[in-house]
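Residue numbers (my numbering), protein chains in the order written: chain U, 1 to 359; chain X, 1 to 313.
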């Protein structure tokens, strides 16, 4: 590599990056990336209001958490009212069954000012208790970790990279404008490197910005003291780790989809296969699990997403903790994999031909 | 290999089972060379092979001693205006040329200077700031030509460059080709509009079905076609007497009086002998006013070589 090579690579980056960041094709990538930011913002606006509402109700209908926790399934309506007093909200309805009889269902709602308790009665007996989780920082960090793994890495970054990187070559073949690059005195490998770096910079800018904004939006609902203490402790470390994982995901998936754009006429099919592999590999033996990017990306996430009993089984499966692998091994594996895919793409780029009629 | 030539050595290219070009051996010197043939005859494949946009299935190509698999060297020598009428989205004519030149590793100032010069040469200065999507067909042809000449190449490869140009711009463009050729550069042009080729070519390469059917200077190619007698139009005062004299020659196969009675159309198998004989006749009592070959053009040659139906495509 000499200075002229770098000048050519920078020229390709300059030309490609604007196309990638500001083309109409990129709109849905922005939507994928920034949808969670809107969700966190919405939640940060809603959560304090809900807390204030519950605190207000608790003042009018005071019940202690200990007493609420003492209620168990099988108790009658009367016993519950005897222990807790009148609920702040109740609702009853009857369901007619055979023989002129009917079933009675009743819902009572109580609050201790932090959580909402909902008691479901069936024919006068308590059948089920639902308790909303209090808006605590640890709970929100867990939700963030879950959404980051389940939605952001597996779907947003994945499909965003499909959109950005497959278009670097395939999009220009469809537009019949790739030949202009091939009529310049630039080595095809350098062209590929320039395009990859442009895609990578664009993807990192979009998705890392989204990660940072999600993090900020998630913390927004907490007072300055709580957020400050967290950041002073492990907070900044968590944010840097999430940003690092986001960037590594862009690099890894980006290399895969750059290669599919070079190797396949319709990159959607291989993208679907990769998605299936990345999602289904949890069902595979441990050795095969290691042949996926998500395995190593999850290993680098700072907070383990712990499934709980209220989650759908599929979600529980998808966020199951990956078998342990050291951060160094995960980082090394991701970098080596990315470089290998880029080398293969470089060889393919060297043999690239312009034959638009068949593309 | 000769370093001032564009050479194809037994080059074939197949697209799967489909033949692109087959067993092409050529050595093209500087000057204007035209690739002539109907659609599908292999003109574009030959140009794409020359510029490395496709690779040969077998054989070797060299452009002034450089192989097309070395883009770094090749595209400092070669400029190619392709047949593809498509451009990067949303850019102006100037941005198109400027961004193309950036990939040569030039500074922004040099790119601006070269882009301005190239756009001026093709007469698009006023439209340079407009988006290409709003250009007419002729303007798009010219901006492609500007892209091909912007880096001052020694070999200019142009696929159907005169398509869509109005007569004035066509004349200017042909003058540009001639200027390039006069500077000792290669100008390789493809066209299926045969009369254009006559105007501009130093030599022609006739293609049909992926094969080279003839090559060389158009008049030389014509004279090599023995099975098709050459037609010569003679204007004279006594066409009947002239017909009697020329029929006495065994190489003359037909002599036909013109309908207006002002001359004769003669078909001969040996043009040289015929012209020598005509010189002697001119010394006699028949007044010869003019002599001109009637089928010594690309159109006739192409028709003779590959059949009139193919030539008409």
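Every residue gets a Cβ at the ideal spot worked out from N, C-alpha and C, and that includes glycine.
**OP:** Taking only beta-carbon positions, decide if residue 359(U) is within less than 8 angstroms of chain X.
**Re:** Residue placement at residue 359(U) is poorly supported in this model, since its pLDDT is 47, which falls under 50; the coordinates still yield a value, given next. No, residue 359(U) does not count as interfacial toward chain X.
Original post:
For a contact meaning CB atoms closer than 8 angstroms, what does residue 22(X) contact in chain U?
Top reply: Those do not exist, as residue 22(X) stays about 18 angstroms from chain U at its closest Cβ, beyond 8 angstroms.
Original post:
Is the stretch 177-197 of chain U touching the stretch 132-146 of chain U in the sense that three or more CB pairs, one from each, lie closer than 8 angstroms?
Top reply: no
Subject >> Contacts of residue 362(U) in chain X (Cβ-Cβ under 9 angstroms) >> reply: Only positions 1 to 359 of chain U appear in the structure, and residue 362(U) is not among them; the question remains open.
Original post:
Of all the options 279(X), 182(X), 211(X), 263(X), which has the alpha carbon lying nearest to the alpha carbon of residue 32(X)?
Top reply: 182(X)
Subject >> Rounded Cβ spacing between residue 150(X) and residue 87(X) (contact assumed at less than 8 angstroms) >> reply: The pair is not a contact, with the Cβ atoms about 15 angstroms apart (cut-off 8 angstroms).
Original post:
Just to confirm, are residue 63(U) and residue 112(U) a CB contact at a threshold of 8 angstroms?
Top reply: yes
Original post:
How many Å lie between residue 344(U) and residue 79(X) at the Cα?
Top reply: 29 angstroms
Original post:
Taking the C-alpha atoms as reference points, what is the distance between residue 152(X) and residue 97(X)?
Top reply: 13 angstroms
Original post:
Under 8 angstroms, do residue 296(U) and residue 289(U) count as touching if we go by C-beta distance?
Top reply: no
**OP:** Decide yes or no for the touch test of the stretch 332-343 of chain U against the stretch 154-169 of chain U: beta carbon pairs closer than 8 angstroms, at least 3 of them.
**Re:** no
**OP:** Identify, in the order they occur along the chain, each residue of the same chain with its Cβ nearer than 6 angstroms to the Cβ of residue 302(U), setting aside the five sequence neighbours on each side.
**Re:** 238, 241
Original post:
In the DSSP assignment, what are the bridge partners of residue 276(X)?
Top reply: In DSSP, residue 276(X) forms no bridge with anything.
Subject >> Spatially closest choice to residue 213(U) from 51(U), 277(U), 37(U), by CA coordinates >> reply: 37(U)
**OP:** Count the other CB atoms, across all protein chains shown, that sit within 10 Å of the CB of residue 278(U); report buried if there are 16 or more and exposed otherwise.
**Re:** buried
Original post:
Run through DSSP, which three-state label would residue 69(U) get?
Top reply: helix
Subject >> Cβ-based burial, residue 128(U) [other Cβ within 10 Å; buried from 16] >> reply: exposed
Original post:
Quick one: which chain U residues come within Cβ less than 7 angstroms of residue 51(X)?
Top reply: 183
Original post:
Helix or strand or just coil, what does DSSP make of residue 82(X)?
Top reply: coil
**OP:** Please confirm whether residue 273(U) and residue 299(U) have their CB atoms less than 8 angstroms apart.
**Re:** no
**OP:** Note down the Cα distance separating residue 121(U) from residue 52(U), rounded to an integer number of angstroms.
**Re:** 27 angstroms
Original post:
Is residue 175(U) helix, strand or coil by DSSP?
Top reply: helix
Original post:
From the beta carbon of residue 188(U), is the nearest beta carbon of chain X less than 8 angstroms away?
Top reply: yes
Original post:
Does the distance from the C-beta atom of residue 188(X) to that of residue 61(X) stay below 8 angstroms?
Top reply: no
Subject >> Which of helix, strand or coil DSSP assigns to residue 84(U) >> reply: helix
Original post:
What residues in the stretch 75-98 of chain X bring their beta carbon closer than 7 angstroms to a beta carbon of chain U?
Top reply: 75, 76, 80, 82, 84, 86, 87, 88, 89
Subject >> Own chain residues within Cβ distance below 7 angstroms of residue 312(X), not counting five before or after >> reply: Confidence at residue 312(X) is low in this model, with a pLDDT of 49, below 50, so its placement is unreliable and no value can be given for it.
**OP:** Could you please tell me which residues of the stretch 11-41 of chain U, in chain order, have their CB closer than 8 angstroms to any CB of chain X?
**Re:** 11, 12, 14, 15, 19, 23
Original post:
Quick one: what's got a C-beta closer than 8 angstroms to residue 91(U)'s C-beta in the same chain, skipping five residues either side?
Top reply: 106, 107
**OP:** Answer with buried or exposed for residue 309(X), where buried requires no fewer than 16 other C-beta atoms within 10 angstroms of its C-beta.
**Re:** The pLDDT assigned to residue 309(X) is 49, lower than 50, so where the model puts this residue is not dependable; a value taken from the coordinates is nonetheless given after this. Result: exposed.
Original post:
So, is the C-beta of residue 105(X) closer than 8 angstroms to a C-beta in chain U?
Top reply: yes
Subject >> Neighbour list for residue 71(X) in chain U, Cβ cutoff strictly below 8 angstroms >> reply: 182, 184, 185, 186, 187, 188
Original post:
At a Cβ threshold of 8 angstroms, is residue 167(U) touching chain X?
Top reply: no
Original post:
Under 8 angstroms between C-beta atoms, does residue 133(U) make it to chain X?
Top reply: no
Original post:
So is residue 355(U) in contact with chain X if we call contact Cβ pairs under 8 angstroms?
Top reply: yes
Original post:
How is residue 6(X) classed by DSSP in three states: helix, strand or coil?
Top reply: strand
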